[in-house]
Amino acid sequence: MTLIEPMEVAVKAKLCVEQVGMVFERDGKSTHVLENIDLEVGDGEFVCLLGPSGCGKTTLLNAMAGFLAPTSGTIRVDGEPVRRPDPRRIFVFQERGVFPWLTVEGNIEFGLFKLTRAERAARVAQYIRMVGLKGFEKSYPHDLSGGMKQRLEVARALAVNPDMLFLDEPFGALDSITRLIMRGELLRIWEAERKTIVFVTHDIDEAVQLADRVVVMSARPATIQQIVPIDIAHPRDISSARYLELRDGIFKQIGLAHRI
Amino acid sequence: MNTLTEPRKWEAYFWPTLTAALFLALWYFSVAWTKTNIFPSPREVVRGMAELVRQHALWGDIVDSLRRVAIGFGTAAVLGIPIGLTLGWYPAADQVVNPVMQLLRPISPIAWIPVAIIFFGVGDKAAIFLIFMGAYFPIVVACASGVTNVPAMYRRAGHNFGLTPVQVLARVVFPAALPRILMGLRIALGIAWLVVVAAEMIAVDSGLGYLVIDSRNSGKRYDLVVAAMLMIGVIGLILDTAFRSLEKIQSVRWGFRNES
Chain A
899 MTLIEPMEVA
909 VKAKLCVEQV
919 GMVFERDGKS
929 THVLENIDLE
939 VGDGEFVCLL
949 GPSGCGKTTL
959 LNAMAGFLAP
969 TSGTIRVDGE
979 PVRRPDPRRI
989 FVFQERGVFP
999 WLTVEGNIEF
1009 GLFKLTRAER
1019 AARVAQYIRM
1029 VGLKGFEKSY
1039 PHDLSGGMKQ
1049 RLEVARALAV
1059 NPDMLFLDEP
1069 FGALDSITRL
1079 IMRGELLRIW
1089 EAERKTIVFV
1099 THDIDEAVQL
1109 ADRVVVMSAR
1119 PATIQQIVPI
1129 DIAHPRDISS
1139 ARYLELRDGI
1149 FKQIGLAHRI
Chain B
8 MNTLTEPRKW
18 EAYFWPTLTA
28 ALFLALWYFS
38 VAWTKTNIFP
48 SPREVVRGMA
58 ELVRQHALWG
68 DIVDSLRRVA
78 IGFGTAAVLG
88 IPIGLTLGWY
98 PAADQVVNPV
108 MQLLRPISPI
118 AWIPVAIIFF
128 GVGDKAAIFL
138 IFMGAYFPIV
148 VACASGVTNV
158 PAMYRRAGHN
168 FGLTPVQVLA
178 RVVFPAALPR
188 ILMGLRIALG
198 IAWLVVVAAE
208 MIAVDSGLGY
218 LVIDSRNSGK
228 RYDLVVAAML
238 MIGVIGLILD
248 TAFRSLEKIQ
258 SVRWGFRNES
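For the protein sequence lines, the chains are A and B, in the order given.
Read in order, the letters of the first sequence correspond to residues 899 to 1158 in this note's numbering.
Read in order, the letters of the second sequence correspond to residues 8 to 267 in this note's numbering.
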């Protein structure tokens, strides 16, 4: 009986990070980037990894997506160890990840090569509508604004119907107004599709506005300092007492991390 | 309103025309004042050009030169593009080949003339070999650097969507490297046009290069020499302009635009 219980927990969690450490060797020097990372992300959960620049949160995200093998520990998705990237889990870069040689349509159908032509067309139309790029089907990324390119990259990721999305500071290059709009768009899409999302950011407000749980990481070597559940229902009132309380709590945490 | 940086429409034609007129005037008066009997005046060159056209020799020479460039440059492209892509794709192969290539690359194709004549005798093949030698290395280098400079993000996106390595090469790396490959081909075509003239002066008895040297040798007809030189310039310009129009193709245009 004792054997079954932890297995049930493992099935419930979409993503399990177990004792993950990462050491980079360069020019005979070894840099400890991640240490003793333990994290579970539930199915359909929205988790933000928050930490100072260069702390290793992107490294952790790359390991989760299968682009980097951890030096120690394991990462599992649905109980299976992650060994390589997989179309069921799409990594979204800042908008620079869209392919400039393909049109909006071409980008969205990039990952759909196993579908029939009719299925492809239907998917493309569906996600162009979802991210509000109707009328730009034949446009090239260079003719789009930063926010539109970002939405295009999200659409390209969603079109292959993944279970998980990894977003690496996706709105970092956008101006502050577009960034706010994009957060709203992402939440709308997430509520419609219920993908599991791991979102890396160094913006405390962004993390508290978006996430179910905020994972606060320390400076290098990164460890998990604290996991803060954000118990505010969407749409969130960002002037409410609870929002400010949670945000200021994380501010203190990060401040401490800087002083260490 | 016109801004300072944006020339008015008439200016786009006026200034180049003025420069050309000044150049012609300088040429005309230099010849007139020095009373030279050797160097032709612009009017004599125009007469020389008319004579060449009347004799129908010019057309045959142009076709011969273009044919040699087409074969030499074409062979260099057919061999150079796959080899360059391979070297860029497998850094290990590049390390093996690079020292030899870096040694051969700075050797002027003109220095190959004696070798070409030993290999192929005096004739078409020697000329084509020299053009090939001039065009091959820029193409290989452009293709290899095109591949190595493809942002890692694009390759990773390709792997993430479940593409096989061959598919990543065909659907991501090649289109991403294409603007650089085109730049390399354009440089190679320019060199091929330079080399064909030199090769025709030595290895064959037709073509624009032969026309230049033959006009000088048979009766010091410098009016025909300069007329042939101008023809070489005009055709070179046409070739380059024609090639540059490829840069306007939608799927490569992104690589030629200045980021503002």
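Glycine residues also receive a C-beta, built at the ideal position from the N, C-alpha and C atoms.
Being a predicted model, the structure only gives us computed values, none of them experimental.
Kindly indicate if chain A contains any beta-carbon less than 8 angstroms away from that of residue i.
i              : result
R162 (chain B) : no
V259 (chain B) : yes
F168 (chain B) : yes
A183 (chain B) : yes
S267 (chain B) : Interpretation of S267 (chain B) is limited by its pLDDT of 39, a score under 50 that renders its predicted location unreliable; no figure is taken from the coordinates.
E254 (chain B) : no
G67 (chain B)  : no
M8 (chain B)   : Only weak support exists for where M8 (chain B) lies, its pLDDT of 48 falling under 50; the coordinates are left without a value.
Taking only the alpha-carbon atoms, compute the straight-line gap between residue i and residue j and give it to the nearest angstrom.
i               : j               : result
V148 (chain B)  : S222 (chain B)  : 38 angstroms
W261 (chain B)  : T972 (chain A)  : 41 angstroms
A1055 (chain A) : T248 (chain B)  : 40 angstroms
F1097 (chain A) : D941 (chain A)  : 14 angstroms
D1129 (chain A) : M1062 (chain A) : 22 angstroms
Q1107 (chain A) : A164 (chain B)  : 28 angstroms
P113 (chain B)  : G216 (chain B)  : 23 angstroms
P23 (chain B)   : A32 (chain B)   : 14 angstroms
R1157 (chain A) : T1099 (chain A) : Summary for R1157 (chain A): the model assigns pLDDT 47, below 50, so the residue's position carries little reliability; its value from the coordinates is reported in the next sentence. Taking the straight line from one Cα to the other gives about 20 angstroms.
D131 (chain B)  : F21 (chain B)   : 43 angstroms
L939 (chain A)  : A1109 (chain A) : A small correction: the amino acid at residue 939 (chain A) is Val; Leu does not occupy that position in the sequence shown. Near 12 angstroms, if we compare the C-alpha coordinates of A1109 (chain A) and V939 (chain A).
G87 (chain B)   : R1027 (chain A) : 44 angstroms
A19 (chain B)   : I1075 (chain A) : 41 angstroms
I138 (chain B)  : A83 (chain B)   : 9 angstroms
V179 (chain B)  : L959 (chain A)  : 23 angstroms
D68 (chain B)   : L59 (chain B)   : 10 angstroms
Y161 (chain B)  : S951 (chain A)  : 23 angstroms
E1089 (chain A) : Y1025 (chain A) : 15 angstroms
Y1038 (chain A) : V1002 (chain A) : 6 angstroms
R75 (chain B)   : G226 (chain B)  : 27 angstroms
G197 (chain B)  : I209 (chain B)  : 20 angstroms
F965 (chain A)  : G954 (chain A)  : 14 angstroms
I125 (chain B)  : K927 (chain A)  : 55 angstroms
R981 (chain A)  : P172 (chain B)  : 16 angstroms
Since I believe residue j is in contact with residue i (beta carbons under 8 angstroms), could you give me their beta-carbon distance rounded to a whole number of angstroms?
i               : j               : result
V1126 (chain A) : G1147 (chain A) : 7 angstroms
A134 (chain B)  : V203 (chain B)  : 7 angstroms
M1115 (chain A) : L947 (chain A)  : 6 angstroms
F1008 (chain A) : F997 (chain A)  : 7 angstroms
A199 (chain B)  : A142 (chain B)  : 5 angstroms
F944 (chain A)  : I1095 (chain A) : 5 angstroms
L1072 (chain A) : Q1048 (chain A) : 7 angstroms
D936 (chain A)  : V921 (chain A)  : Not confirmed; about 17 angstroms, so no contact.
Note the first and the last residue of the continuous beta strand (DSSP E) segment covering residue i.
i               : result
I1125 (chain A) : 1122-1127
E916 (chain A)  : 911-924
L1085 (chain A) : It is not in any beta strand (DSSP E) - L1085 (chain A) instead sits in the alpha helix (DSSP H) that spans 1074-1091.
R974 (chain A)  : 970-975
R1027 (chain A) : That residue, R1027 (chain A), is in no beta strand (DSSP E); its alpha helix (DSSP H) goes 1015-1028.
G940 (chain A)  : 927-940
R987 (chain A)  : 987-990
I1095 (chain A) : 1094-1099
F1064 (chain A) : 1062-1066
V1113 (chain A) : 1111-1115
So is residue i in contact with chain B if we call contact Cβ pairs under 8 angstroms?
i               : result
V1058 (chain A) : yes
R994 (chain A)  : yes
W999 (chain A)  : yes
V909 (chain A)  : With a pLDDT of only 43 at V909 (chain A), under 50, the local geometry of the prediction cannot be trusted, and no value is derived from it.
Y1038 (chain A) : yes
P983 (chain A)  : yes
I988 (chain A)  : yes
F1097 (chain A) : no
F1034 (chain A) : no
A919 (chain A)  : For the record, residue 919 (chain A) in the displayed sequence is Gly; it is not Ala. Closer than 8 angstroms: no.
G1044 (chain A) : no
G1009 (chain A) : yes
F991 (chain A)  : yes
Got a sec, what are the start and stop residues for the alpha helix (DSSP H) residue i sits in?
i               : result
H166 (chain B)  : 159-167
L1050 (chain A) : 1044-1057
L110 (chain B)  : 98-111
C150 (chain B)  : 131-155
V259 (chain B)  : 257-260
F30 (chain B)   : 16-41
F944 (chain A)  : It is not in any alpha helix (DSSP H) - F944 (chain A) instead sits in the beta strand (DSSP E) that spans 944-948.
So, is the C-beta of residue i closer than 8 angstroms to a C-beta in chain C?
i               : result
I1006 (chain A) : Note that chain C does not occur in the displayed structure, where the protein chains are A and B.
contact_flag[the stretch 81-96 of chain B, the stretch 225-241 of chain B] where n(CB pairs < 8 angstroms) is 3 or more: no
Stretch pair the stretch 99-115 of chain B + the stretch 178-188 of chain B: three plus CB contacts closer than 8 angstroms: no
Touch test, the stretch 1044-1053 of chain A against the stretch 1080-1089 of chain A, Cβ-Cβ under 8 angstroms, three pairs minimum: yes
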